[in-house]
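Quick notes on the structure that follows.
Numbering (the UniProt record's numbering), first residue to last: 1 to 166.
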């Protein structure tokens with residue numbers, strides 16, 4: 001999906017780094033959990049040299065299948081979460097699309113996320129992390145709508161980060 005979205009964003013504002021061979025989002029069997037978590041950690045830690053001192057926002061773009069949802073925006077920074085909520089609620093082009101802002105690491109929130117992504121990535125003082133999960137009604141369907149939604153949400157996030165002065 002990153003390659004498709006890359007064509008739609010302004011390279012002066014957004015740099016896309018595609019991970020050609022990622023890991024499945026499906027949990028592995030218990031016997032392979034350690035290996036999976038080690039590979040996952042290594043995959044994310046290799047992003048740091050590309051982001052540190054170069055970018056203020058890291059968008060971790062994924063796609064999944066869910067006929068009910070449009071997207072989840074997952075972040076640990078309370079100010080970014082608040083800005084995203086306000087911007088998404090006011091975005092006319094998102095009318096009728098279910099977009100949730102999900103706090104990362106805030107166990108006290110009704111809706112929250114946990115991750116095995118290293119905290120050096122999602123809670124780094126040098127940049128903001130945003131997980132972006134775009135949901136398709138069915139896998140490999142509605143790519144155009146998914147690309148447009150991803151582009152719109154990345155633009156909103158970039159404006160939030162720019163407005164926040166980080």
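Cβ atoms here follow ideal geometry from the backbone N, Cα and C, with glycine treated the same way.
For a test of the three-state rule: what should DSSP assign to residue i, helix, strand or coil?
| i | result |
| --- | --- |
| residue 97 | coil |
| residue 40 | helix |
| residue 165 | With a pLDDT of only 47 at residue 165, under 50, the local geometry of the prediction cannot be trusted, and no value is derived from it. |
| residue 70 | coil |
| residue 133 | strand |
| residue 15 | coil |
Under a Cβ-count criterion, where at least 16 other Cβ atoms within 10 Å of its own Cβ denotes burial, should residue i be classed as buried or exposed?
| i | result |
| --- | --- |
| residue 157 | buried |
| residue 110 | exposed |
| residue 131 | buried |
| residue 74 | buried |
| residue 37 | exposed |
| residue 15 | exposed |
| residue 133 | buried |
| residue 52 | exposed |
| residue 45 | exposed |
Alpha carbons only, please: which of the options is nearest the one belonging to residue i?
| i | options | result |
| --- | --- | --- |
| residue 98 | 85, 119, 113 and 69 | 69 |
| residue 61 | 162, 160, 152 and 83 | 152 |
What's the gap between the Cα of residue i and the Cα of residue j?
| i | j | result |
| --- | --- | --- |
| residue 76 | residue 85 | 13 Å |
| residue 105 | residue 118 | 12 Å |
| residue 150 | residue 5 | 7 Å |
| residue 57 | residue 154 | 10 Å |
| residue 83 | residue 159 | 9 Å |
| residue 33 | residue 27 | 8 Å |
| residue 55 | residue 18 | 15 Å |
Does the distance between the C-beta of residue i and the nearest non-hydrogen atom of the ligand SAM fall short of 6 Å?
| i | result |
| --- | --- |
| residue 38 | This structure lacks the ligand SAM, and indeed carries no ligand of any kind. |
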